[in-house]
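Residue numbers (mature numbering (1 follows the signal peptide of the UniProt record, and there is no 0)): -18 to -1, 1 to 169. Backbone N, C-alpha and C define an ideal beta-carbon position, used for all residues, glycine too.
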């Protein structure tokens, strides 16, 4: 009886691992630019930005999935220098996002993909008047905005994936364009 149970267990476990899993976790880091639109309608470059993104994806089928993630970003090196000359400084954002994921295979291990969804986010920045002696106001706002990304990914048989992607993330008055490098694991 014990041998029959052992054989049955082995057969069931091999069936469980025969197909690809529907679960993927991943993350990416990126570098890009950010543009800021002030309340009076003036638009100006807010310099460069560093961004990060951590996510979980559930694949509904071979081509489509649902993704939930946490994203954040802050000004880069050029932003720190340009903050001396502009009235907006110390820009950072963070938030949660949800997206629909779609992929088109190029080969067995390569594919192009797109993500479209919404983010619930918080934007923080310092605002001061034209003259450096004016009072600095720290402003914090929150809201929901569009989230979009397109990219290319290669997935190895081990489940590890590497990707390059372009992200477009508007966060209230801020628009972030970043190029990200990421890793993911299908488990």
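Its Cα nearest to that of residue 121, the residue 71 stands out among 11, 71, 56, 31. In terms of Cβ geometry, residue 55 and residue 37 do not form a close pair [threshold 8 Å]. Residue range 118 to 137 is occupied by the beta strand (DSSP E) that includes residue 119.
Cα atoms of residue 76 and residue 102: separation of roughly 9 Å, rounded to the nearest angstrom. For residue 72, the enclosing beta strand (DSSP E) covers residues 70 to 87. Annotated as proximal: residue 119 and residue 109, with beta-carbon spacing under 8 Å.
In the DSSP assignment, residue 5 falls within the unbroken beta strand (DSSP E) covering 5 to 19.
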